[in-house]
Structures are given as structure tokens and as C-alpha cells.
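In this note's numbering, the protein residues as written are 72 to 186.
For every residue, glycine included, the Cβ atom is placed at its ideal position computed from N, Cα and C.
Note that the structure is a prediction, hence the values are computed from the model and not measured.
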Amino acid sequence: MFSKPEEVDTSVLIGTISELRIERTLSGAIVHVTGVADRQGAYRAELRPEDPDLLATDGVLSFAFRVRYPVDPTPIGSTATRTVYEAFSLSSGTLQNVRTIRVTGAQNSMQANRR
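Here's what the structure looks like:
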């Protein structure tokens, strides 16, 4: 009766992935991703794991780079004004069975192999 209705997911894949970088840390790694949105105003960027439990499939840990846009139309603008940065921290335990990290956008995907 007093519970809030579940929020509708209005996020979409970011237009393109332009950079993927993995930074090692003492406790695991940080996945850094740069993407270019289709238009200005993208917000609430998220690297969403395709598996909520962060389990790799055949050694590949996959993420979708998702953003939300304002309801009202916004200009396309320059690439610089549409560039979005996001990061995701992974523990050593999560990385144990991971050989490749893949991030997908609407028009492309990028992957990085662990060394």
C-alpha cells in the first residue's frame, strides 16, 4: 500500500564507446570507459554488468554503457559536449576467472584483455 512503484528503466545504450582502460588496484581493478552520447544532456551514466552476479561467461565479463536523456529534445552539439565518463570497480575475487572485459554501446563495443 505504501510501497513506491518500481522505477521504469528509461536508460539506453550510449552512442559509441571511444575508450576502455583497465587500471589495476591493490584490491582488484577499475574499469574506466569513455563514451560519446548521441545528443547533449545525457545523465545518470552507468556501466551495467550483463550478469548481475558479475560472473564471466567463457572468461568474458560484459558491461552495457547506459545513459538517460532528458524527455525534451536537446541539441546534438560537439563531440566534446557529448562525452561521458564512467567507471566500475572490480574486486580481485571477481576478476579471478576473467580474461576479457567487454563494454557495449549502441554502435560499437570495446574489449580489453587482462594481462
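- DSSP, reduced to helix, strand and coil, places residue 127 outside both helices and strands of the structure shown, so it counts as coil.
- DSSP, reduced to helix, strand and coil, places residue 81 outside both helices and strands of the structure shown, so it counts as coil.
- The continuous stretches of alpha helix (DSSP H) do not include residue 145, and DSSP gives it neither H nor E.
- According to DSSP, residue 140 shares a beta bridge with no other residue.
- Counting only the Cα atoms, residue 160 lies some 9 Å from residue 98.
- For residue 162, the uninterrupted beta strand (DSSP E) run begins and ends at 154-162, by DSSP.
- Pairing residue 172 with residue 132, the inter-Cα distance amounts to about 5 Å.
- Contact between residue 91 and residue 175 fails: their C-beta atoms lie close to 11 Å from each other, not under 8 Å.
- Nearest in C-alpha terms to residue 167, of all of 113, 125 and 141, is 125.
- Proximity to residue 115 across 182, 137, 100 and 101 peaks at 137, based on C-alpha coordinates.
- Collapsing the DSSP output to three states places residue 97 in coil.
- Contact check for residue 108 against residue 153 passes: the beta carbons are separated by less than 8 Å.
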